[in-house]
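Top line first, the protein sequences correspond to chains A and B. Going letter by letter, the first sequence gives residues 1 to 317 in my numbering. Going letter by letter, the second sequence gives residues 1001 to 1301 in my numbering. Heads up, the beta-carbon is just placed ideally off N, CA and C, and yes, glycines get one too. Written out below as structure tokens is the structure these notes cover.
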Amino acid sequence: MATLTNAPALRRKARRERLRTLGFLSPWLVGFTVFFGYPLLATVYFSFMHYNQIEAPTFVGLRNWRYVLEQMPLFGPALWNTLWLVVVMVALRVVFGLGIGLLVTRIKSGVGFFRTAFYLPYLAPPVAATVAFVFLLNPGTGPVNDILGNIGIHAPNWFNDPAWAKPSLVLLSLWGIGDLMVIFMAALLDVPKEQYEAAELDGAGAFHKFRYVTWPSITPIVMFAVVTGVVQTMQYYTQALVAGKLASGVSIGPGSVIQPGYPDHSTLTVPQLVYSLGFQNFNTGAACVLSLVLFAIAMAVTTLLMRKRAGLLSAED
Amino acid sequence: MTATTALSAPSAPARPAAGRSPAPAARRRAALHWIAVHTVAIAAALFFILPFVFVFLTSVMSDDQALSGDLWPTEWNWSNYADVFNTPGFLDWWRNSLMYAGLGTLFTVCSSIPVAYALAKFRFRGRRTAMIMVISTMMLPPQVIVIPMYLVWAQQLHLSGSLWPLIIPMAFGDAYSIFLLRQFLLTIPREYLESAKVDGSGELGTLLRIVVPMAKPGIAAVALFQFFYCWNDYFGPQIYAAQNPGAWTLSYGLESFKSAHSVNWNLTMAATLLVMAPVIIIFFFAQKAFVEGVTLTGVKG
């Protein structure tokens, strides 16, 4: 295409294009370096330091790492709770979200009403939704247990029972399923109609149609929902913290030092432990170790996401 | 294009009977199917709607009744809402939430558009690496990097106790918005951009005059997402604003509101609805853009 005789002009053009690209990318390049690259390196640095945010940091080698991984009493429960939530919450969200998605595609009357009803809770700010659920499920004063009692069901203590606190959080997250519903609905409407008709001609029942027509077509979206769900749940923080604090009934404001994870550390997640270590106990080193553990798990999941593609990077990239 | 059909379009019409009217047995089966689907749908809808209803009903009850587990208010205390607004600090929280969400959205949109455009339309070495880095940032739990960032903002820049440590970084692009906008910009045909260039438009001119007007729905979706993200954010304000109640946002203040009114569930529920209200009102006005954004993240690739 271009003539070979005009090499200097071509080089000038290439340089101009490089500068143009850099110019357009510059906000993000600065942001990535300052707000991602720097803090990540600093987190690694602090993980080898003893630092209480007042005196100068001193090098302690692997002491923070040993402390967190071998001795810290709350590390085990926090990791267990986070993994429990990742498995149970993500699985149920995907199943329930798909169920609601299927339901919505089959509704014939009042579609607009039902779709909006299923979607609205997703928009509720997490703090507001959590405050509302702590009230609704409050064993003494909440309406839910009152109703259940009236129809003869002995209701659990929800957020106040260590065995029920995490399931209560799952219930709260199922209420906010709207985003998954929309994604699944779009995927379900994309399944080619002819395939259903062909399957029907072959005498396929509802189950076979789902298994052999619907499922293969929506697998990438299910994959996407699972992976992003895992990443989101690993960051699970606000709802667990607010629910624990409010259900404990302790009448103190934010920023107050209380042991997180009420009741019995059953709602303590890894991100809460990072906050507690770094901003309440001022054990910067241990908090940074824990951050890096979280980072390692998040990166493993992200790598899986890239490998499986899951709709995030297209082939042309 | 499924994005726009998601919430607004009616469902596909029932398949017409092939030529003749259906047999009575088939008609009865269809009717039973209709009843079954709608029964399940109504049951599900109750699960999604009743919490809002109970919260609202409690918000107008008297102090005592709100503690009783009653469902229906004996008297309607609309003054509860006035009491919430008269609580010291509540109006400040509104102002702070609006500032955080408003400026945050403005900064994010302005800084993310050029980056998304370059990633979608420029050919350069390292483009794939750049995309992987954007996605990695998107996936990074905020807790991983918060400690060193806090130390910089608090100890070097002395800006803790304000929302600026949350707002300023948004002037440098936001990974999620960049990703979403890029997915949207990929759908703009290259020919439009090339014809603009033939007409002598520079790259920046093309971006402002051709791409931005064409990408309005995508930009609207990103703006809404960012606004809601800031409005809902609890972790950020907790890190930077906790020490200074004058800098709290609604999402952060709500929990302390409950703690301060430890027995007043009615006022707390009124405040809860007031925190939800802007988001839900905006949604009803901008439903299409919002749903488009959700669909775009999940389905387009």
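- When C-beta distances to chain B are compared with 9 Å, the residues of the segment 86-107 of chain A below that value are Gly99, Ile100, Leu103, Val104, Thr105, Arg106 and Ile107, in chain order.
- Within chain B, the residues placing a beta-carbon under 7 Å from that of Arg20(A) are Glu1203, ordered along the chain.
- By the C-beta density criterion, Phe282(A) is exposed, having fewer than 16 other C-beta atoms within 10 angstroms.
- In this structure the segment 107-116 of chain A does not lie against the segment 142-155 of chain A, because fewer than three pairs of beta carbons, one per stretch, are closer than 8 Å.
- Three or more pairs of CB atoms, one per stretch, sit closer than 8 Å, so the segment 1172-1188 of chain B contacts the segment 1131-1141 of chain B.
- Counting only runs that start and end inside the segment 1046-1124 of chain B, the alpha helix (DSSP H) elements of at least 4 residues fall at 1063-1066, 1079-1086 and 1090-1121.
- Here the alpha carbons of Leu22(A) and Ser1201(B) stand approximately 19 Å from one another.
- Residue-level contact by beta carbon holds for Trp28(A) and chain B, with a gap shorter than 9 Å.
- The alpha-carbon separation between Asp1070(B) and His1261(B) amounts to approximately 19 Å.
- Of the residues Val1291(B), Tyr1229(B) and Leu1067(B), the one whose Cα lies closest to the Cα of Thr1268(B) is Leu1067(B).
- If you ignore the 5 residues before and after Ser1162(B), its C-beta comes within less than 8 Å of the C-beta of Tyr1240, Ala1241, Asn1244 and Ala1247, all in its own chain and listed in chain order.
- The beta carbon of Lys1258(B) sits closer than 9 Å to some beta carbon of chain A.
- Here the segment 1072-1086 of chain B does not lie against the segment 1222-1234 of chain B, with fewer than 3 beta-carbon pairs under 8 Å apart.
- If you ignore the 5 residues before and after Leu292(A), its C-beta comes within less than 8 Å of the C-beta of Thr43, Val44 and Ser47, all in its own chain and listed in chain order.
- Contact annotation: Ala1221(B) and Leu1296(B) have beta-carbon atoms nearer than 9 Å.
- Below 8 Å, enough C-beta pairs join the segment 87-98 of chain A and the segment 178-188 of chain A to call them touching: three or more.
- Under the 10 Å beta carbon count, Thr269(A) is surrounded by 16 or more other beta carbons and is classified as buried.
- DSSP places Thr58(A) within a strand segment (E or B) once states are collapsed to three.
- Straight across, the Cα-Cα distance linking Met89(A) with Val170(A) is about 6 Å.
- The three-state reading of DSSP puts His1158(B) in coil, since its state is none of H, G, I, E or B.
- Interface residue (Cβ-Cβ distance to chain B less than 9 Å): Asp202(A) is not classified as such.
- For Met49(A), the three-state secondary structure derived from DSSP is strand.
- Ala286(A) counts as buried, since no fewer than 16 other beta carbons sit within 10 angstroms of its beta carbon.
- Taking 8 Å as the cut-off between beta carbons, the residues of the segment 1044-1057 of chain B near chain A are Ala1044, Ala1045, Phe1047, Phe1048, Ile1049, Pro1051, Phe1052, Phe1054 and Val1055, in sequence order.
- When secondary structure is reduced to three states using DSSP, His1033(B) falls in the helix class.
- With the criterion set as a beta carbon lying under 8 Å from some beta carbon of chain B, the members of the segment 273-304 of chain A are Val274, Tyr275, Gly278, Phe279, Thr284, Ala287, Cys288, Ser291, Leu292, Leu294, Phe295, Ala298, Met299, Val301 and Thr302, in sequence order.
- The DSSP-derived three-state label of Tyr1150(B) is helix.
- Going by beta carbons, Val131(A) and Leu1250(B) fall outside the 9 Å limit.
- Taking 9 Å as the CB threshold, Gly1104(B) stays off the interface with chain A.
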